[in-house]
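Novice: The number in our numbering is simply the position in the sequence shown, starting from 1, with 338 added.
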Amino acid sequence: MLNILETIQDWIQDILSACIIDNLTGMFDQLNSEVGEVAGTVGTTPEAWNAGVFSMIRNLSDNVVVPVAGMILAFVLCYELISMIIDRSYYSQPRWNNEPKRRYVKTENYLPAYGGKF
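1) Report the rounded CA-to-CA distance for Pro-405 versus Leu-398, giving the unit in angstroms.
2) Could you tell me the alpha carbon to alpha carbon distance between Ile-410 and Arg-396, rounded to whole angstroms?
3) Taking the C-alpha atoms as reference points, what is the distance between Phe-366 and Gln-347?
4) Do you know offhand how far Val-373's Cα is from Thr-379's?
5) Tell me the DSSP secondary structure of Gly-374 in three-state form.
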């Protein structure tokens, strides 16, 4: 009886291992063919892949994005230049009576919420 069970176990084990090996062999072959197709697709240039979309994006970049970026850059540089000139002229003014430099105008305001002047 023990010999029959071992024989059945060996038979089932051989069938299952053969099925698993066949499935894995087929899977690796299919995976290798898919990798070859992906390598061919990745190797194409954007212009060769879809010329219409590529040319539209290139025109949009040349005609819209670059001029807008140039205007933003010009605005930032002008703002920095103006603030540098203002700071330079402010710090070059003479101080009378050894007063510290102030960047604000001293005013006497009444704040009723605080109950007095500040």
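All C-beta atoms, glycine included, are put in the ideal place defined by N, C-alpha and C.
Specialist: In brief:
1) In the sequence shown, residue 405 corresponds to position 67, counting from 1. In the sequence shown, residue 398 corresponds to position 60, counting from 1. In a straight line, the C-alpha of Pro-405 is about 11 Å away from that of Leu-398.
2) Numbered from its first residue, the sequence shown carries residue 410 at position 72. Numbered from its first residue, the sequence shown carries residue 396 at position 58. Taking the straight line from one Cα to the other gives about 20 Å.
3) As a working mapping, residue 366 is identified with position 28 in the sequence shown. As a working mapping, residue 347 is identified with position 9 in the sequence shown. Looking at the two C-alpha atoms, the distance is approximately 28 Å.
4) Here the question's residue 373 lines up with position 35 in the sequence shown. Here the question's residue 379 lines up with position 41 in the sequence shown. Going from the Cα of Val-373 to the Cα of Thr-379 covers about 10 Å.
5) Walking along the sequence shown from the start, residue 374 turns up at place 36. DSSP places Gly-374 in helix when its eight states are reduced to three.
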